[in-house]
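First comes the structure, then the notes that go with it.
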Amino acid sequence: MSQPKYSEKSFIQFHKHTIPAGKKLPVNVYGSSFACTVATGRFQMSFNDGEFFDCRQGVEWRMPDGDFFNRLTFTAAVDTDIEFYAGSFFYHENVVIPVIQVAKTRAIPGPTAIGAGANVDLEAPPAGMAYRKSVIITNKDPAVDLDVKTKDAAGAYQIAGTVFHLQAWYLETSDNVRITNPGGAPVSVGILELFYLTQ
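Letter by letter, the sequence shown follows residues 69 to 267 of our numbering.
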């Protein structure tokens with residue numbers, strides 16, 4: 069934390085903190101403006117011990133004239149590093165980055181076999197993942213074809229496609245997917261889901 073830079077009416081402070089997972093981080097700071105310049109993930113904050121609200125990197129706000137905060141409190145589901153400015157005047161950084169960065173993803177392997185007449189359901193994303201980008205289903209069986217199902221408007225799984233034996237199928241979807249082995253013996257498979265990381 070830097071020392072505040074004061075003039076008669078204008079001042080600003082820079083803060084750098086790590087919000088511990090599942091805990092509250094109170095920061096005693098006086099001002100009317102807030103600007104978060106760095107955050108490694110989403111978090112929540114409150115001022116003057118009020119209600120928490122969602123926040124993330126790039127958020128800037130200013131309180132109405134004559135209204136000030138003297139405490140900011142932060143909380144996050146996972147350890148989150150933040151950097152912010154707080155003070156009596158509005159801080160805004162306008163930087164144009166000429167390179168567009170593609171959203172980061174993580175590949176997570178699934179089961180390697182599906183039992184006779186059994187299903188593999190791909191539904192909720194794992195912790196720390198935002199949503200699925202795609203799934204690759206590889207059918208390693210020399211004879212049995214696999215059914216790929218998605219939910220209809222009533223929420224029931226219906227056949228949407230087939231992964232033929234000794235072939236792979238790429239499906240770009242964040243929707244729920246069920247893979248069914250209609251055969252009478254276990255089938256060897258490769259299932260790879262690609263998820264976007266939580267921002």
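Each residue gets a CB set at the ideal place from its N, CA and C atoms; glycine is no exception. Values in this document were obtained by computation on a predicted structure and should not be read as measured data.
Excluding the five sequence neighbours on either side, which residues of its own chain have a C-beta within less than 7 Å of the C-beta of residue i, listed in chain order?
{"i": "F232", "result": "N207, D213"}
{"i": "P269", "result": "Any answer about residue 269 is impossible in this case: the structure gives the chain only from 69 up to 267."}
{"i": "P94", "result": "R139, T141"}
{"i": "D215", "result": "I227, T230, T248, P250"}
Using the DSSP secondary-structure output, state which residues sit across from residue i in a beta bridge.
{"i": "L190", "result": "V245"}
{"i": "S202", "result": "L262"}
{"i": "H85", "result": "I150"}
{"i": "T218", "result": "Q226"}
{"i": "A107", "result": "I150"}
Tell me which residue opens and which closes the beta strand (DSSP E) that residue i is part of.
{"i": "K172", "result": "Here K172 belongs to no beta strand (DSSP E), and DSSP marks it neither H nor E."}
{"i": "N138", "result": "137-143"}
{"i": "P254", "result": "Taken as a continuous stretch (DSSP letters only), P254 belongs to no beta strand (DSSP E), as it is neither H nor E."}
{"i": "L93", "result": "92-99"}
{"i": "S114", "result": "111-115"}
{"i": "T180", "result": "Per DSSP, T180 belongs to no beta strand (DSSP E) and is neither H nor E."}
{"i": "E151", "result": "148-155"}
{"i": "A228", "result": "225-231"}
{"i": "Q235", "result": "235-239"}
{"i": "R130", "result": "128-130"}
{"i": "F121", "result": "121-123"}
Report all residues from its chain with a CB closer than 6 Å to the CB of residue i; omit the five preceding and five following residues, and keep chain order.
{"i": "Y74", "result": "Here the model assigns Y74 a pLDDT of 45, short of 50, so the residue's position is not dependable, and the following value carries that caveat. So no residue of the chain qualifies."}
{"i": "S114", "result": "F120, T141"}
{"i": "R110", "result": "R124"}
{"i": "E151", "result": "K84, T105, V106"}
{"i": "P132", "result": "none"}
{"i": "R276", "result": "This structure cannot speak to residue 276, because the chain is shown only from 69 to 267."}
{"i": "A144", "result": "I87, F111"}
{"i": "W129", "result": "F102"}
{"i": "W237", "result": "I205, V231"}
{"i": "S242", "result": "Y199, R200"}
Spatial neighbours of residue i within its chain, please: C-beta separation below 8 Å, excluding the five flanking residues on both sides.
{"i": "V97", "result": "Q81, H83, F137, N138, R139, L140, A154"}
{"i": "D117", "result": "R139, T141"}
{"i": "K179", "result": "It should be noted that the sequence gives Pro, not Lys, for residue 179. So the qualifying residues of the chain are V188, V257, I259."}
{"i": "D220", "result": "Q226"}
{"i": "G252", "result": "A184, G185"}
Taking one C-beta from the stretch 215-232 and one from the stretch 168-181 each time, how about it: are there three or more such pairs within less than 8 Å?
In short, these stretches do not touch, since the Cβ pair count stays below three.
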